[in-house]
């Protein structure tokens, strides 16, 4: 029998992760784009690590940091008398960490594709850096930002390894769709696992289909304006 809780939690985790990585992805991509310093390559490599490391390794690192004996876990316990380990917030944290590299890389590529002459022209006309960023940089980079958002949402939605390490599989509390699929399969409940597979596949397929269709329409509209 398919329970709604894993579906609802997975959508919440993916949505919250998407919001967080959107903000921080744009922030760090913009800052690093305009900065040159020793160690910049190392910082960018660090941002990309969760994309290439096994998710269970990422989960272990998070567990060490936010567990009851970890530095962040002890601070939360001491000052706020709370723990996020094995809670839905831990699942959101895991989803955010593994999705961030996709948003960062998409945003970085989008910013790099912008003709800086357009931004410089706005500055010469008296526009502040904040106004240039909001009215020139973001609109020009928007297709790349949307692609990053969609891919980040899909990545967080399907996260398993890191979520298992820090949130566990607590039915009705921290169980997401990937966890529900795994444990249903372990219990030989292939029909339930299959239903969850269909649900998450339909969601992710719909997202990618929408992104491809939207990108194609944007490209056609841009080509039409250039020809005009």
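Numbering (my numbering), first residue to last: 1 to 228. Yeah, the Cβ is synthetic: ideal placement off N, Cα and C, and Gly gets one too. What you are looking at is a predicted structure, and each value in this text was computed from that prediction instead of being measured.
Report the three-state DSSP secondary structure of residue 10 (helix, strand or coil).
-> The sequence position of residue 10 within the chain shown is 10, counting from 1. Note: residue 10 maps to helix in three-state DSSP.
Are the C-beta atoms of residue 9 and some chain C residue less than 7 Å apart?
-> In the displayed structure, chain C is absent; only one protein chain is listed.
Counting only the same chain and skipping the five closest in sequence on each side, list residues whose C-beta sits under 6 Å from that of residue 161.
-> Your numbering for residue 161 matches position 161 in the chain shown. Counting only Cβ-Cβ distances below 6 Å, and skipping sequence neighbours, we find 55, 56, 59.
Below 7 Å CB to CB, which residues in the same chain sit around residue 207 once its five sequence neighbours on both sides are set aside?
-> Position 207 of the chain shown, counted from the start, is the residue given in the question as residue 207. So the qualifying residues of the chain are 150, 153, 154.
Counting Cβ pairs, one atom from each stretch, are 3 or more of them under 8 Å apart for the region 165-182 and the region 102-120?
-> no
Closest by C-alpha distance to residue 100, when choosing among 26, 62, 201, 63 = As a position in the chain shown, residue 100 is number 100, starting the count at 1. The option with the nearest alpha carbon to residue 100 is 26.
Can you find at least 3 beta carbon pairs, one from the region 44-55 and one from the region 175-190, that sit closer than 8 Å?
-> no
To the nearest angstrom, report how far apart residue 215 and residue 16 are at their CA atoms.
-> Sequence index remark: in the chain shown, residue 215 carries index 215 (1-based). Sequence index remark: in the chain shown, residue 16 carries index 16 (1-based). Taking the straight line joining both Cα atoms gives about 24 Å.
When you compare only the Cα positions, how much space is there between residue 9 and residue 105?
-> For this step, residue 9 is matched to residue 9 along the chain shown. For this step, residue 105 is matched to residue 105 along the chain shown. Their backbone Cα atoms lie some 26 Å apart in a straight line.
For the region 63-131, list the alpha helix (DSSP H) runs that are entirely contained and at least 4 residues long, ordered along the chain.
-> 71-80, 88-112, 116-124
Does DSSP classify residue 5 as helix, strand or coil?
-> Numbered from 1 along the chain shown, position 5 holds the residue referred to as residue 5. Helix at residue 5.
Of all the options 19, 4, 30, 6, which has the alpha carbon lying nearest to the alpha carbon of residue 134?
-> Numbered from its first residue, the chain shown carries residue 134 at position 134. Here the closest residue by C-alpha is 30.
Residue environment, residue 71, which counts as buried when at least 16 other CB atoms sit within 10 Å | Counted from its first residue, the chain shown places residue 71 at position 71. Its Cβ having fewer than 16 others within 10 Å, residue 71 is exposed.
Beta-carbon spacing of residue 118, residue 138 below 7 Å | Sequence index remark: in the chain shown, residue 118 carries index 118 (1-based). Sequence index remark: in the chain shown, residue 138 carries index 138 (1-based). Contact: no.
Where residue 108 falls, given that 16 or more other Cβ within 10 Å makes a residue buried | Here the question's residue 108 lines up with position 108 in the chain shown. Answer is buried; the Cβ neighbour count reaches 16.
State the start and end residues of the unbroken alpha helix (DSSP H) segment that holds residue 167.
-> The residue you call residue 167 lines up with position 167 of the chain shown. No alpha helix (DSSP H) holds residue 167; DSSP gives it neither H nor E.
Whole angstroms is fine: what's the gap from residue 21's alpha carbon to residue 141's?
-> On the chain shown, residue 21 is found 21 positions in, with the first residue counted as 1. On the chain shown, residue 141 is found 141 positions in, with the first residue counted as 1. Roughly 16 Å separates the two Cα atoms.
Between the CA atoms of residue 45 and residue 76 - distance to the nearest angstrom = For this step, residue 76 is matched to residue 76 along the chain shown. For this step, residue 45 is matched to residue 45 along the chain shown. The alpha-carbon atoms of residue 76 and residue 45 are separated by roughly 28 Å.
From 177, 89, 211, 79, pick the residue whose C-alpha is nearest to that of residue 147; which is it?
-> Taking the first residue of the chain shown as 1, we reach residue 147 at position 147. Looking at the Cα atoms, 211 is the closest of the given residues.
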